Structure formats: C-alpha cells, structure tokens
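Report on the structure given below.
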Amino acid sequence: MSITYSIKDLETYSGIKAHTIRIWEQRYGILKAARTSTNIRYYTEDEVKYLMSLALLNRKGKKISTLSQMSQQDISDAIKALTKLSDDYRTQIEAMIEAAIAFNEIQFLQLFNSSIKQIGFEPTMIKIIFPFLEKLGVLWVSGGIMAAQEHFISQLIRQKLIVCIDANSGKLNPNSKRFVLFLPNGEWHELTLLFLHYLLKVRRQNVTYLGPSVPLKDVLTVGERLNPDYFYTIITNAPHGYSVSEYLNKLSDKFPDSTVFASGVQLFNPPRSLNKNVSILNNMEDVTAKIEDLTGNT
0 MSITYSIKDL ETYSGIKAHT IRIWEQRYGI LKAARTSTNI RYYTEDEVKY
50 LMSLALLNRK GKKISTLSQM SQQDISDAIK ALTKLSDDYR TQIEAMIEAA
100 IAFNEIQFLQ LFNSSIKQIG FEPTMIKIIF PFLEKLGVLW VSGGIMAAQE
150 HFISQLIRQK LIVCIDANSG KLNPNSKRFV LFLPNGEWHE LTLLFLHYLL
200 KVRRQNVTYL GPSVPLKDVL TVGERLNPDY FYTIITNAPH GYSVSEYLNK
250 LSDKFPDSTV FASGVQLFNP PRSLNKNVSI LNNMEDVTAK IEDLTGNT
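Residue numbers (numbering that gives the first Met the number 0): 0 to 297.
Printed below as a string of structure tokens:
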C-alpha cells in the first residue's frame with residue numbers, strides 16, 4: 000500500500016501554511032487531493048515532492064501564478080538550475096553524490112577526509128558538505144534518490160561532527176558567552192545545529208546543546224537555570240501548538256536580556272510581530288558572520 004499524506008503533512012514538509020495550500024489548490028489547481036471512503040482528503044508522495052519544488056522556487060522569487068503554468072519538466076529544470084555547483088568543488092560534490100547513491104561509506108568518508116586535509120573542517124562543511132546536502136535534497140524531491148540514501152549520508156556527517164565537537168571540548172575562553180542550542184519539539188534534522196555547536200566549541204564558548212525535538216517548556220526551564228546570553232534554534236516545521244511568532248516571542252518574553260537567534264524554512268518570510276530580542280539568520284553566511292561578531296573579541 001502506498002503512503003499517503005494529509006494537508007498538515009504537506010505543511011510540515013513544504014513550510015507552506017495549510018491555508019495557503021488550499022488557496023493554491025482552489026485558485027491554480029496545482030494539487031488534486033483524493034478522498035478516502037470516509038471523505039478525508041489525502042495526497043500522494045509525488046504531490047508532496049511537487050509542492051516542495053513549488054515552495055522552493057516560490058521562496059526564490061517565482062510567483063505561484065507563473066509556476067502553476069509551468070510543466071513538470073520545466074519545474075524540474077528550474078529546481079536543478081538552483082543548485083548548479085561551483086566549478087571549485089564540483090568534482091568532490093558529484094563524487095559524494097555517487098557515493099550516497101551507492102551507499103558507499105568508504106568512498107564518502109575518503110572524500111570527506113581528503114577535503115578536510117586540503118582546506119580544513121569548517122571550510123569543508125560550508126563549501127562542500129552543505130551544498131552537497133542541498134543537491135541531495137533536490138535529488139530526493141525530483142525522485143533521483145530514496146530518502147534512505149539521504150538518511151545514510153546524514154548519519155555519516157553527524158558522526159563526523161560529533162567527533163570534531165568532542166575533540167574541541169577543552170577549556171572555555173575566560174570571556175566566553177553561554178549559548179543554548181535546540182530544535183523545537185518534532186524537529187529532528189540537526190546537522191546545521193551540530194555544526195553551530197562545533198563552531199562555538201572551536202571558539203571556546205560555553206555551549207549547552209539540547210539537541211532535537213525539545214519541548215518549549217523544557218527550554219524555558221533550562222533558560223531559568225542557566226540564564227544564557229543567547230538561544231539558537233531552527234524552525235523547519237510549524238511549531239506544535241504555536242504560530243512561529245508566538246513560539247519565538249514566548250521564549251524571548253521569558254528572557255528579555257537574552258537574544259533568541261532563529262533560522263529555518265518557516266522564517267524565510269519572517270513575521271512582523273517578533274520581539275526586539277529575536278534575530279533571524281537567513282543562511283549559513285549569516286550564521287557564521289554572527290558567530291564571528293559575537294565571539295571575535297572573547
């Protein structure tokens with residue numbers, strides 16, 4: 000039996016609100032929900048991938064009215080064009096993709112380790128691994144790989160990050176700041192959060208890493224005990240029981256002397272009603288620049 004998805008699932012995967020998805024359905028006919036014998040709407044995996052493609056192109060500036068007139072092939076070509084690799088690292092990234100498709104752990108780690116020796120761990124992550132993961136995500140959306148291949152590679156990268164974090168768990172800088180890193184309840188993709196953990200550890204900062212899927216009430220309790228200078232989270236899916244602004248404002252209201260940094264798909268178009276001590280970091284360049292700014296003089 001094939002897997003089916005609810006409109007809430009579509010919202011989770013695409014970052015597009017269910018209300019907006021319904022408007023797109025009615026106005027542009029981009030999806031055609033089927034119904035169960037009990038009249039419950041559902042969608043197929045192909046429709047999930049199609050909506051994710053539309054959402055990505057829409058975030059890159061293409062209007063949904065234009066996208067709705069494009070063929071499936073045109074959509075696929077536009078998605079692939081977004082992830083054209085720079086010539087500097089094309090060979091390494093394409094070789095990593097081959098390793099992912101073949102479930103070849105040895106080949107992938109050889110490529111990873113070779114790059115680390117040549118340019119260092121931090122540049123490898125920023126210039127090779129994250130573009131590689133973006134390309135891998137596009138391949139999944141377009142049907143080029145299975146989810147299992149993406150998960151396989153993500154676990155190898157996660158293991159590498161944890162080893163590098165452990166290797167830098169030495170003395171703190173005397174002027175270090177305290178950071179609390181976490182993902183909201185139901186969020187599990189932690190590679191970016193782990194990389195931020197690494198960046199802060201290398202700079203000898205005081206980091207409390209809570210990891211994925213942390214209930215907000217637990218984050219608030221940790222904050223009361225530690226009184227951190229900074230919180231950082233990534234919001235890919237709509238938070239359970241809150242709008243994005245309600246979620247971030249609840250945290251920032253509780254700790255007005257702390258700064259709450261946030262990234263993720265749900266914040267590509269940030270709510271206007273965010274508190275002054277909430278700061279949105281749109282991409283990896285923003286994240287690394289902010290870390291340099293915060294830790295450069297400590």
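The C-beta atom is built at its ideal place from N, Cα and C for all residues, glycine as well. It should be emphasised that the depicted structure is a prediction, and the values quoted were computed from it without experimental measurement.
Short check: CB of residue i to CB of residue j, under 9 Å?
i: isoleucine 78; j: valine 140; result: yes
i: leucine 50; j: isoleucine 22; result: no
i: leucine 266; j: valine 286; result: no
i: tyrosine 257; j: proline 238; result: Before going on, a small fix: residue 257 reads as serine here, not tyrosine. No. Outside cutoff.
i: asparagine 236; j: glutamate 10; result: yes
i: arginine 40; j: alanine 33; result: yes
i: arginine 157; j: glutamate 189; result: yes
i: serine 251; j: valine 259; result: yes
i: proline 214; j: asparagine 184; result: yes
i: leucine 293; j: tyrosine 229; result: yes
i: asparagine 4; j: tyrosine 42; result: Here the sequence assigns tyrosine to residue 4, which means asparagine is not the residue at that position. In this structure, tyrosine 42 lies closer than 9 Å to tyrosine 4 by Cβ.
i: leucine 138; j: phenylalanine 194; result: no
i: lysine 275; j: leucine 219; result: no
i: arginine 203; j: isoleucine 290; result: no
Helix or strand or just coil, what does DSSP make of residue i?
i: methionine 0; result: Note that methionine 0 scores 49 on pLDDT, short of 50, meaning its location in the model is unreliable; the coordinates nonetheless yield the value given after this. Here methionine 0 sits in coil by DSSP.
i: serine 262; result: strand
i: arginine 202; result: coil
i: alanine 237; result: coil
i: leucine 182; result: strand
i: leucine 209; result: strand
i: phenylalanine 151; result: helix
i: threonine 37; result: coil
i: phenylalanine 194; result: helix
i: alanine 288; result: helix
i: threonine 43; result: coil
i: isoleucine 22; result: helix
i: proline 270; result: coil
i: serine 242; result: coil
i: serine 257; result: coil
i: glutamine 15; result: According to the sequence shown, residue 15 is isoleucine rather than glutamine. DSSP places isoleucine 15 in coil when its eight states are reduced to three.
i: isoleucine 161; result: helix
i: serine 5; result: coil
i: isoleucine 279; result: strand
Could you tell me how far apart the beta carbons of residue i and residue j are, in whole angstroms, since I believe they sit closer than 8 Å?
i: leucine 182; j: asparagine 205; result: That pair is no contact at about 20 Å.
i: isoleucine 233; j: leucine 192; result: 6 Å
i: lysine 48; j: glycine 142; result: 7 Å
i: glutamine 148; j: isoleucine 100; result: 6 Å
i: isoleucine 144; j: phenylalanine 107; result: Not quite, the Cβ-Cβ distance comes to about 14 Å (not below 8 Å), so this is no contact.
i: lysine 200; j: serine 168; result: 6 Å
(Q) Just to confirm the assignment: which complete alpha helix (DSSP H) runs, minimum length 4, are found wholly within the region 60-145? (A) 63-66, 71-81, 89-100, 104-118, 120-123, 129-140
Q. Are three or more beta carbon pairs between the region 110-119 and the region 5-22 nearer than 8 Å?
A. no
Q.
With three or more C-beta pairs closer than 8 Å as the rule, is the region 209-220 touching the region 178-194?
A. yes
Q. Do the region 129-140 and the region 86-104 make contact, defined as three or more Cβ pairs closer than 8 Å?
A. yes
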